[in-house]
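Below: the structure, in structure tokens.
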Amino acid sequence: MPLEVHQFPCLSDNYGYLIHDPDAGVTATIDTPEVAPINAALEEKGWQLTHILNTHHHFDHAGGNLELKDRWNCTIIGSRDDAERIPGIDVKVGDGETFQFGNFDAQVFDVSGHTLGHIAFYFPEAGKLFCGDALFALGCGRLFEGSPAQMWTSLQKLMALPENTGVYCAHEYTQANAAFALSVEPQNDALQQRAKEIEALRAEGKPTVPSTIGLELETNPFLRPMSEDLQANLNMQGAELVDVFAETRRRKDSF
Ligand SMILES: [Zn+2]
């Protein structure tokens with residue numbers, strides 16, 4: 201049976217995700233943005249929480265760890281490199297490692313940049329990526345702790361995944377991200393089309409997440425420093441890709 205994903209809103213613009221392997225009877229929450237909606241979602245689905253998979257330590261990702269662990273006695277899996285900031289961590293994982301979640305492989309990528317020790321969880325058989333605040337639909341995380349070069353290295357790991365991989369990011373930031381993306385690469389037809397679709401979805405109050413790696417490669421300016429149009433718009437023709445990425449990120453910070 202496939203890996204099931206249940207998506208629901210938390211806080212003002214976070215997404216909660218429960219993942220469930222029906223054969224093995226295990227259920228994880230990806231991060232713990234808000235306890236009440238996570239418990240409500242578990243009740244709605246009739247699932248028992250067995251695991252918490254933490255992408256990074258920020259409060260809207262790990263703030264509910266201890267309360268949920270207290271109630272469910274679940275196992276908390278997080279970054280070895282950020283272990284001291286992940287409340288209640290039981291199992292420490294790092295870049296390139298694989299662990300079992302029920303009958304599914306979960307591959308860990310270090311995607312530091314937004315924070316140091318930020319990780320993403322990739323389920324290759326299910327074709328799903330849970331990337332926290334590293335990669336967003338049409339965006340990427342703000343660089344609070346890492347360097348642009350570090351974030352660019354992180355994003356390239358995700359860019360190498362199959363194009364049909366589902367991208368389950370942690371926030372509904374897509375409409376604002378689209379406005380910025382259009383400001384730096386207005387010539388991108390796929391981006392223009394996507395921005396219209398996003399506007400229509402949000403007008404109906406519907407999520408724009410999950411996305412796919414293929415769609416992000418076509419439209420997300422942070423994955424497109426090789427675009428000649430983007431480079432020209434930044435006056436950076438022929439520049440190193442990491443420098444184009446850094447300038448794109450710098451402009452978004454003040455957009
Ligand atoms: Zn964060």
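Positions 201 to 455 (our numbering) are the ones given, in order, by the sequence shown. Glycine included, C-beta positions come from ideal geometry on N, C-alpha and C.
From R285 to V293, what does the alpha carbon distance come to, in whole angstroms? A straight line joining the alpha-carbon of R285 with that of V293 spans about 14 angstroms.
Whose CB is closer than 5 angstroms to a heavy atom of ligand 1? List the residues in chain order. So the residues near ligand 1 by this Cβ test are H258 and D333.
Buried versus exposed call for E325 [16 or more other C-beta atoms within 10 Å across all chains shown]: It counts as exposed.
Please report the residue range of the alpha helix (DSSP H) in which L423 lies. Per DSSP, L423 belongs to no alpha helix (DSSP H) and is neither H nor E.
Assess contact between the stretch 395-408 and the stretch 347-360, defined as three or more Cβ pairs (one per stretch) separated by less than 8 angstroms. Is contact present? With the cut-off at 8 angstroms, the stretch 395-408 and the stretch 347-360 do not touch.
So does the stretch 408-422 actually touch the stretch 376-394, counting three or more Cβ pairs closer than 8 angstroms? The stretch 408-422 makes contact with the stretch 376-394; the number of CB pairs closer than 8 angstroms reaches 3 or more.
Rounded to whole angstroms, how far is the Cβ of V235 from the Cβ of G264, which I believe are closer than 8 angstroms? Distance from V235 to G264 at the Cβ level is roughly 4 angstroms; contact confirmed, criterion being Cβ atoms closer than 8 angstroms.
Please classify Q350 as buried or exposed, where buried requires at least 16 neighbouring CB atoms within 10 angstroms. The residue in question, Q350, is buried, as its Cβ has 16 or more Cβ neighbours within 10 Å.
Looking at C-alpha atoms only, which residue of P209, M436, V226 and A381 is the closest neighbour of T202? Here the sequence assigns Pro to residue 202, which means Thr is not the residue at that position. Measuring C-alpha to C-alpha distances from P202 to each of P209, M436, V226 and A381 identifies V226 as the nearest.
May I have the straight-line CA-CA distance separating D290 from T275, to the nearest angstrom? Looking at the two C-alpha atoms, the distance is approximately 6 angstroms.
For T315, write down the residues that DSSP places opposite it in a beta bridge. In the DSSP output, where bridge partners are listed per residue, T315 has none listed.
One question on the structure: do E472 and L434 come within less than 8 angstroms of each other, judged by their Cβ atoms? Only positions 201 to 455 of the chain appear in the structure, and residue 472 is not among them; the question remains open.
What does DSSP give as the partner residues of S279 in its beta bridges? Answer is V293.
Inspect the beta-carbon positions of Y368 and L329 and report whether they are closer than 8 angstroms. Yes, the pair counts as a contact, with Cβ atoms nearer than the cut-off.
Taking only the alpha-carbon atoms, compute the straight-line gap between R342 and H258 and give it to the nearest angstrom. Taking the straight line from one Cα to the other gives about 13 angstroms.
Hey, could you find the ends of the alpha helix (DSSP H) T448 is sitting in? That run of the alpha helix (DSSP H) goes L441 to D453.
Which stretch, first to last residue, makes up the beta strand (DSSP E) that contains Q300? Element bounds for Q300: T298 to F301.
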